[in-house]
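In what follows, a single structure is set out as structure tokens and then discussed.
Protein chains: 2
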Amino acid sequence: MIIDLTHTLKNKITVYPNTLEPIFEQGNTIEKDGFAEINMTMCTHTGTHIDAPAHILPNTKTLEQFGVEKFIGPAVVIDCTEVKEIDLDFLKTKEEEIKKVDFILFYAGWQHKWNTERYFDEFPTLTTEAVKWLAAFNLKALGFDSISVDKMAAESLPNHRVLLKKEILIIENMTNLDKLIHKKFELNCIPLKIENSDGSPIRAFARLEK
Amino acid sequence: MIIDLTHTLKNKITVYPNTLEPIFEQGNTIEKDGFAEINMTMCTHTGTHIDAPAHILPNTKTLEQFGVEKFIGPAVVIDCTEVKEIDLDFLKTKEEEIKKVDFILFYAGWQHKWNTERYFDEFPTLTTEAVKWLAAFNLKALGFDSISVDKMAAESLPNHRVLLKKEILIIENMTNLDKLIHKKFELNCIPLKIENSDGSPIRAFARLEK
Chain U
54 MIIDLTHTLK NKITVYPNTL EPIFEQGNTI EKDGFAEINM TMCTHTGTHI
104 DAPAHILPNT KTLEQFGVEK FIGPAVVIDC TEVKEIDLDF LKTKEEEIKK
154 VDFILFYAGW QHKWNTERYF DEFPTLTTEA VKWLAAFNLK ALGFDSISVD
204 KMAAESLPNH RVLLKKEILI IENMTNLDKL IHKKFELNCI PLKIENSDGS
254 PIRAFARLEK
Chain C
54 MIIDLTHTLK NKITVYPNTL EPIFEQGNTI EKDGFAEINM TMCTHTGTHI
104 DAPAHILPNT KTLEQFGVEK FIGPAVVIDC TEVKEIDLDF LKTKEEEIKK
154 VDFILFYAGW QHKWNTERYF DEFPTLTTEA VKWLAAFNLK ALGFDSISVD
204 KMAAESLPNH RVLLKKEILI IENMTNLDKL IHKKFELNCI PLKIENSDGS
254 PIRAFARLEK
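As you go down the protein sequences, you meet chains U and C in turn. Note that our numbering has the first sequence beginning at 54, numbered continuously upward. Note that our numbering has the second sequence beginning at 54, numbered continuously upward.
Laid out in structure tokens, this is it:
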């Protein structure tokens, strides 16, 4: 069974402050041209997307430098709807699960605020101690149902830096993670193959064991 | 093991005549903005991509109306480097393989002409009889390493029509299919989740049994 973890790309979706708002508009049409196409303008961090180290750190890897294997593997969802911040004590209670997976996805319930102003309400983030502890595991990426792994006020993006330095990638703006709590599954979060890609929109989904 | 079947998206790649040429340009930068982003403009049929019925047929399905399952399944590559057209007699010799899979991918060797004028040389296409015969199988999609399932001169796009009417989708501009001849594998050809999408660029890849 498959669970889609992706928000729909369209006009007027939520974007990070001071980044390009996506535009989807009709290009060729069946009536006029014999075939229909949409012309799209968006940035590499639009909608449900993944960040490469080169998004933040100069002279580091872009997405197309990783093999597709980097974007597939066992994953776990951690429910953080009851915490204001994701601290080390909280994470340590999940250590046995964390050890077994390539991806940790954090469900905060922010998916319900997508495409509203409330999406920028203060979502739970990893404390400095917690993100450093996680960075020591052999993880492929962390995923969130909010717009950033850092607080909106944290302009220096410290959590991004700790993770991307270790080539632990970051998935933002996921949805439907609540459907995966306590489930065993494989995450697929495969980017487009874009030259020099600091990020990419993705079609993220879970493949569940029968 | 994974084999990537996707051409790299970048400026000046091959596009179908009279369609939008993609533009990838630096948006935000680490130096100026604290994070790097590429701003991208492209149409839904850029690079390695998949066609929905709504690309050609009015009032039919767009890609986001199919579940992700539609884009994953067992596949076979048919080598058609030795034929000028893909006719019924030729296909019938592969019938036992065709019966067992969700996807048939045709290797013509056109991947080597990608991003050159020669990509528009007359590539092998399915005869009318052959495409109708294939459309009777329970297939999810057909894939090609050329720019169309129709001849460039066939303005009415007859092969597109036969397939899309049966909701057999069409993957164009694939690469590396030669690496999969006589191999058993699962194809992944999952589109972005774009509202009203008549098509989408994809990261196509093969997962091989060990």
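Built from N, CA and C at the ideal position, the CB exists for glycine as well.
Could you tell me which of the options sits nearest to residue i, measuring between CA atoms?
i, options, result
"His-98(U)", "Gly-100(C), Asn-92(C), Gly-126(C), Leu-187(C)", "Asn-92(C)"
"Lys-232(C)", "Met-95(C), Ile-109(C), Ile-76(C), Val-130(C)", "Val-130(C)"
"Pro-70(U)", "Tyr-160(C), His-235(C), Ile-221(C), Phe-88(C)", "Phe-88(C)"
"Phe-156(C)", "Ser-250(C), Gly-162(C), Phe-238(C)", "Phe-238(C)"
"Asp-191(U)", "Met-205(U), Leu-141(U), Glu-138(U), Ala-128(U)", "Correcting the residue identity first, residue 191(U) is Asn in this sequence and not Asp. That would be Ala-128(U), whose Cα lies nearest to the Cα of Asn-191(U)."
"His-102(C)", "Lys-85(C), Glu-74(C), Ile-243(C)", "Ile-243(C)"
"Ile-234(U)", "Thr-113(U), His-108(U), Thr-134(U)", "Thr-134(U)"
"Ile-221(U)", "His-60(U), Leu-158(U), His-165(U)", "Leu-158(U)"
"Gly-120(U)", "Ser-209(U), Thr-67(U), Lys-193(U), Ala-189(U)", "Lys-193(U)"
"Trp-163(U)", "Lys-236(U), Ile-76(U), Ala-188(U), Val-202(U)", "Val-202(U)"
"Ala-107(C)", "Ala-259(C), Lys-65(C), His-213(C), Pro-254(C)", "His-213(C)"
"Ile-200(C)", "Leu-116(C), Thr-67(C), Glu-78(C)", "Thr-67(C)"
"Glu-262(U)", "Glu-148(U), Lys-236(U), Thr-115(U), Val-154(U)", "Lys-236(U)"
"Lys-152(C)", "Trp-186(C), His-165(C), Asn-64(C), Glu-175(C)", "Trp-186(C)"
"Glu-90(C)", "Ala-259(U), Asn-249(U), Arg-260(U)", "Asn-249(U)"
"Met-205(C)", "Lys-63(C), Asp-174(C), Thr-94(C), Leu-217(C)", "Asp-174(C)"
"Ile-114(U)", "Lys-65(U), Leu-217(U), Lys-63(U), Ile-224(U)", "Before going on, a small fix: residue 114(U) reads as Lys here, not Ile. Nearest C-alpha to Lys-114(U): Leu-217(U)."
"Gly-126(C)", "Pro-75(C), Val-154(C), Asp-142(C)", "Val-154(C)"
"Ala-161(C)", "Lys-219(C), Asp-142(C), Gln-118(C), Glu-225(C)", "Glu-225(C)"
"Ile-223(C)", "Glu-138(C), Leu-116(C), His-165(C)", "Leu-116(C)"
"Pro-75(C)", "Leu-62(U), Thr-94(U), Asn-64(U)", "Thr-94(U)"
Compare the C-beta of residue i against all C-beta atoms of chain C and say whether one is closer than 8 Å.
i, result
"Cys-96(U)", "yes"
"Thr-59(U)", "yes"
"Met-205(U)", "no"
"Val-121(U)", "yes"
"Asp-251(U)", "yes"
"Gly-80(U)", "yes"
"Phe-258(U)", "yes"
"Pro-244(U)", "yes"
"Leu-240(U)", "no"
"Ile-221(U)", "no"
"Ala-89(U)", "yes"
When burial is assigned at 16 or more other CB atoms within 10 Å of the CB, is residue i buried or exposed?
i, result
"Thr-146(U)", "exposed"
"Asn-349(C)", "In this structure chain C extends from 54 to 263, so residue 349(C) is not present and cannot be described."
"Ala-183(U)", "buried"
"Glu-150(C)", "exposed"
"Asn-168(C)", "exposed"
"Lys-246(C)", "buried"
"Leu-210(U)", "buried"
"Asp-86(C)", "exposed"
"Met-227(U)", "buried"
"Asp-198(U)", "buried"
"Lys-123(U)", "buried"
"Glu-78(C)", "exposed"
"His-60(C)", "buried"
"Ala-259(U)", "buried"
"Glu-170(U)", "exposed"
"Glu-148(U)", "exposed"
"Glu-208(U)", "exposed"
Using a Cβ-Cβ distance under 8 Å, would residue i count as near chain U?
i, result
"Gly-196(C)", "no"
"Ala-128(C)", "no"
"Asn-92(C)", "yes"
"His-278(C)", "Here chain C covers residues 54 to 263 and nothing more, so residue 278(C) does not appear."
"Pro-111(C)", "yes"
"Phe-156(C)", "no"
"Phe-77(C)", "yes"
"Leu-261(C)", "no"
"Leu-62(C)", "yes"
"Pro-254(C)", "yes"
"Ile-247(C)", "yes"
"Glu-208(C)", "yes"
"Ile-234(C)", "no"
"Glu-117(C)", "yes"
"Ile-83(C)", "yes"
"Ile-55(C)", "yes"
Which whole-angstrom value describes the C-beta separation of residue i and residue j, a residue pair presumed to lie in contact below a C-beta threshold of 8 Å?
i, j, result
"Val-215(U)", "Pro-177(U)", "About 17 Å; that fails the 8 Å criterion."
"Ile-56(U)", "Asn-229(U)", "6 Å"
"Cys-96(C)", "Leu-110(C)", "Their Cβ separation, rounded to whole angstroms, is 18 Å, which puts Cys-96(C) and Leu-110(C) out of contact at 8 Å."
"Ala-105(U)", "Gly-252(U)", "6 Å"
"Ala-188(C)", "Leu-58(C)", "Not a contact, Cβ separation roughly 23 Å."
"Gly-100(U)", "Pro-254(U)", "5 Å"
"Lys-180(C)", "Asp-132(C)", "This sequence places Thr at residue 180(C); Lys is not what is there. Contact doesn't hold; Cβ gap of about 17 Å is too wide."
Closer than 8 Å by beta-carbon distance: list the chain B residues that pair up with residue i, in chain order.
i, result
"Asp-86(U)", "Protein chains in the displayed structure are U and C, and chain B is not among them."
* Mind listing, in chain order, the continuous alpha helix (DSSP H) runs of no fewer than 4 residues lying wholly within the stretch 82-140 of chain U? => Segments of the alpha helix (DSSP H) lying fully in the stretch 82-140 of chain U: 83-86.
* Considering only residues of the stretch 156-230 of chain C, which uninterrupted alpha helix (DSSP H) runs meet the minimum length of 4 residues and lie entirely inside it, listed in chain order? -> Complete alpha helix (DSSP H) runs here, min 4: 181-187, 211-218.
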